[in-house]
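In this note's numbering, the protein residues as written are 1017 to 1259.
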């Protein structure tokens, strides 16, 4: 794919990005949402260890989904960069950089998950069962912290992309506001969880509702609508900067 090919047929590539985005949401929701909630018992390393070791197929399926997410997100990120580049090249590069850092940290977070089963399967006698369960719990804590850092960079990327969408002229302004709301939602939820856990405990899951709405709306718009081609071609021709 060249820049000229993308500019000539943007919606064909945006539908590809929409499919990838949908897969990211499905894989991420299954792995980080359903499986983690089902198998990990907060504050109980023994119960968590029993759940994981008794459900190896489910755990491995979750790991596969977790590893696929950052991999398939790379071409999606490239397509989104090409989509936003005509609005403001420097801000589009900032979006690309923030997303790249987010994906890199997310890959590190998956490393912690990959450590869990080998730790629980140790049988060399160096650690007793309680210590092994504690070590696995530490690995899960490491994943959780790294994943929150991932969301910080992703939330910042959403703020930038939402701004560019708002000013693009070839995508709805409301869509840009929804994406920015998603970014703000991630930042509020993540910073409160990392630095003010008592406050985070008082927040309901509704704090992440704007993230769900914003990401779902952007995904579906890419998949079903794409850009306004007349406005897109006018922007490509003029390469105007936002006010």
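The C-beta atom is built at its ideal place from N, Cα and C for all residues, glycine as well.
Could you check where the alpha helix (DSSP H) with residue i kicks off and where it finishes?
i: residue 1226; result: 1225-1240
i: residue 1046; result: Note, residue 1046: premise wrong, no alpha helix (DSSP H); not H, not E.
i: residue 1198; result: 1189-1211
i: residue 1099; result: 1072-1100
i: residue 1254; result: 1245-1254
i: residue 1288; result: Residue coverage of the chain in this structure runs from 1017 to 1259, which leaves residue 1288 outside it and unanswerable.
i: residue 1055; result: 1052-1055
What separation, rounded to the nearest whole angstrom, lies between the Cα atoms of residue i and residue j?
i: residue 1104; j: residue 1146; result: 55 Å
i: residue 1126; j: residue 1046; result: 15 Å
i: residue 1062; j: residue 1030; result: 46 Å
i: residue 1018; j: residue 1095; result: 11 Å
i: residue 1224; j: residue 1058; result: 20 Å
i: residue 1072; j: residue 1039; result: 23 Å
i: residue 1053; j: residue 1078; result: 12 Å
i: residue 1163; j: residue 1248; result: 35 Å
i: residue 1119; j: residue 1188; result: 27 Å
i: residue 1026; j: residue 1091; result: 14 Å
i: residue 1209; j: residue 1228; result: 18 Å
i: residue 1182; j: residue 1084; result: 30 Å
i: residue 1185; j: residue 1159; result: 39 Å
i: residue 1028; j: residue 1082; result: 27 Å
i: residue 1037; j: residue 1205; result: 22 Å
i: residue 1241; j: residue 1234; result: 10 Å
i: residue 1074; j: residue 1254; result: 52 Å
i: residue 1218; j: residue 1151; result: 29 Å
i: residue 1076; j: residue 1132; result: 11 Å
i: residue 1166; j: residue 1121; result: 6 Å
i: residue 1148; j: residue 1138; result: 8 Å
i: residue 1107; j: residue 1221; result: 31 Å
i: residue 1171; j: residue 1161; result: 15 Å
i: residue 1020; j: residue 1179; result: 24 Å
i: residue 1099; j: residue 1143; result: 53 Å
Using CA atoms only, rank isn't needed, just tell me which of the options is closest to residue i.
i: residue 1201; options: 1213, 1175, 1212 and 1189; result: 1175
i: residue 1129; options: 1211, 1247, 1251 and 1065; result: 1065
i: residue 1069; options: 1135, 1036 and 1222; result: 1135
i: residue 1067; options: 1060, 1055 and 1161; result: 1055
i: residue 1168; options: 1215, 1115 and 1074; result: 1115
i: residue 1123; options: 1050, 1150 and 1044; result: 1044
i: residue 1236; options: 1028, 1035, 1251 and 1217; result: 1035
i: residue 1101; options: 1022, 1060 and 1138; result: 1022
i: residue 1042; options: 1203, 1244, 1137 and 1086; result: 1086
i: residue 1154; options: 1060, 1166 and 1214; result: 1060
i: residue 1089; options: 1165, 1050, 1179 and 1032; result: 1032
i: residue 1238; options: 1093, 1252 and 1050; result: 1093
i: residue 1173; options: 1097, 1232 and 1213; result: 1097
Is any non-hydrogen atom of the ligand MN found closer than 7 Å to the C-beta of residue i, if you look at the structure I gave you?
i: residue 1249; result: Looking at this structure, you won't find the ligand MN or any other ligand, since it has none at all.
**Prompt:** What are the uninterrupted segments assigned as alpha helix (DSSP H) that are 4 or more residues long and contained completely in the segment 1105-1176, given in chain order?
**Reply:** Within the segment 1105-1176, the complete alpha helix (DSSP H) runs of at least 4 residues are 1105-1136.
**Asked** Given 8 Å as the limit, is there contact between the segment 1109-1121 and the segment 1184-1202, that is, 3 or more CB pairs closer than that?
**Response** no
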